[in-house]
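In the working numbering, the protein residues as written are 199 to 496.
One structure is given here, and the rest of the page talks about it.
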Ligand SMILES: Cc1cc2nc3c(=O)[nH]c(=O)nc-3n(C[C@H](O)[C@H](O)[C@H](O)COP(=O)(O)OP(=O)(O)OC[C@H]3O[C@@H](n4cnc5c(N)ncnc54)[C@H](O)[C@@H]3O)c2cc1C
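Spelled out as structure tokens, the structure:
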């Protein structure tokens, strides 16, 4: 039986030679051998078991809003969480959400219920899985501030990790190696609905003013170094608006790379390398990417 038919047999949607520029937010990248999309949590775990027992290379993706795929594509499987969207608001101001739930959905539902704590996520387009993995944050809040526990698939079995068992840092959660987020529980508080709505509105207005939201982008490219915001540093290095091929550092916010149309992943990676070299040679600063790069290196 082929690998594709094993996934089909358990009910997953399977697409061969899937162009990953259609999947990722920056709209660059080559083909994945297989894109596998389970319809529910049971299928997701069964698909992980199949991958675990095969020698094939694989990666789990949520919305692809923080991911660049190399132009050579991905030899192996992309396991997508896009259909895993169950969310439940519990009575004790806690919320459980499957790995593919968009952070904005949790925000909208919890604010509507008069809960507070998730407003920081306004405008972050990722999923629970990507959000936990990245410890996504904005507006002085991060996933780590609201996480109660996470269920992950690790080494062929499901384990529950309490907040105290997970070390979080800036844009990173230290999960057991190669583990996959299945579901998370968030602990919120009773709030004032009108106040939460005002805060969300203000966060979105700020985002709209300062970020290139009308252009194809993938959020912040670099993590902020200790003593200066990455955007400010890139601007001081003269890179704001600087482009290679179809990609450039945004004219509005230099820590965003925008796809002006027809950019390749290599254009984007060349911009990243240019910025890293300039920052190191001119300011002795080692820039670290926030965005994740996956697939086959040329
Ligand atoms: C317009 C825009 C604005 C943004 N603003 C912000 C912001 O303000 N703050 C911020 O922090 N980020 C921001 N981002 C980046 C991005 O939205 C976040 O990093 C988000 O958490 C990524 O979620 P995702 O589902 O898209 O992850 P993906 O891009 O699909 O994956 C990112 C990484 O997470 C891993 N991953 C995904 N799902 C799982 C899983 N279930 N288990 C284990 N690992 C998994 C992937 O393998 C990959 O390494 C922005 C992006 C865009 C496009």
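Don't be surprised by glycine CBs; every beta carbon is placed ideally from N, CA and C.
Check: Any 3 or more C-beta pairs closer than 8 Å across the stretch 431-451 and the stretch 204-214; Outcome: no
Check: Test item: CB-CB of residue 300 and residue 325 under 9 Å; Outcome: yes
Check: Contact belief for residue 271 with residue 228 at Cβ below 8 Å, rounded distance in angstroms; Outcome: 3 Å
Check: Beta-carbon proximity check, residue 315 vs residue 339, cutoff 9 Å; Outcome: yes
Check: Length of the line joining the Cα atoms of residue 246 and residue 433; Outcome: 43 Å
Check: Simplified DSSP assignment, three categories, for residue 327; Outcome: helix
Check: Exposed unless 16 or more other CB atoms sit within 10 angstroms - verdict on residue 289; Outcome: exposed
Check: Proximity test, residue 332 beta-carbon vs ligand 1 heavy atom, cut-off 8 Å; Outcome: yes
Check: Helix, strand or coil at residue 201 according to DSSP, with G and I counted as helix; Outcome: helix
Check: Span separating the alpha-carbon of residue 331 from that of residue 377; Outcome: 10 Å
Check: Integer-rounded CB distance, given that residue 269 should sit under 8 Å from residue 479; Outcome: That pair is no contact at about 27 Å.
Check: Assigned secondary structure, residue 451 (DSSP; H/G/I helix, E/B strand, else coil); Outcome: coil
Check: Exposure of residue 199, with buried meaning 16 or more beta-carbon neighbours within 10 Å; Outcome: exposed
Check: According to DSSP, residues forming a beta bridge with residue 235; Outcome: 211
Check: beta-carbon residue 239 near ligand 1 non-hydrogen atom, thresh 8 Å; Outcome: no
Check: Endpoints, the alpha helix (DSSP H) within which residue 472 is located; Outcome: 463-481
Check: Local Cβ density within 10 Å of residue 415, reported as buried at 16 or more and exposed below that; Outcome: buried
Check: Distance CB(residue 280)-CB(residue 298) smaller than 9 Å; Outcome: yes
Check: Residue 408: first and last residue of the uninterrupted alpha helix (DSSP H) it sits in; Outcome: 391-408
Check: Proximity test, residue 453 beta-carbon vs ligand 1 heavy atom, cut-off 8 Å; Outcome: no
Check: Sequence-distant residues of the same chain with beta carbon closer than 7 Å to residue 379, five excluded per side; Outcome: 297, 326, 327, 330, 331, 348 and 350
Check: Residue range of the unbroken alpha helix (DSSP H) whose run includes residue 432; Outcome: 428-434
Check: Extent of the continuous beta strand (DSSP E) to which residue 415 belongs; Outcome: 414-418
Check: Cross-strand partners of residue 301 (DSSP beta bridge); Outcome: Per DSSP, none; premise fails for residue 301.
Check: Nearest to residue 278 (by Cα), restricted to the options 263, 292 and 386; Outcome: 263
Check: Cβ-based burial, residue 363 [other Cβ within 10 Å; buried from 16]; Outcome: exposed
Check: Simplified DSSP assignment, three categories, for residue 371; Outcome: strand
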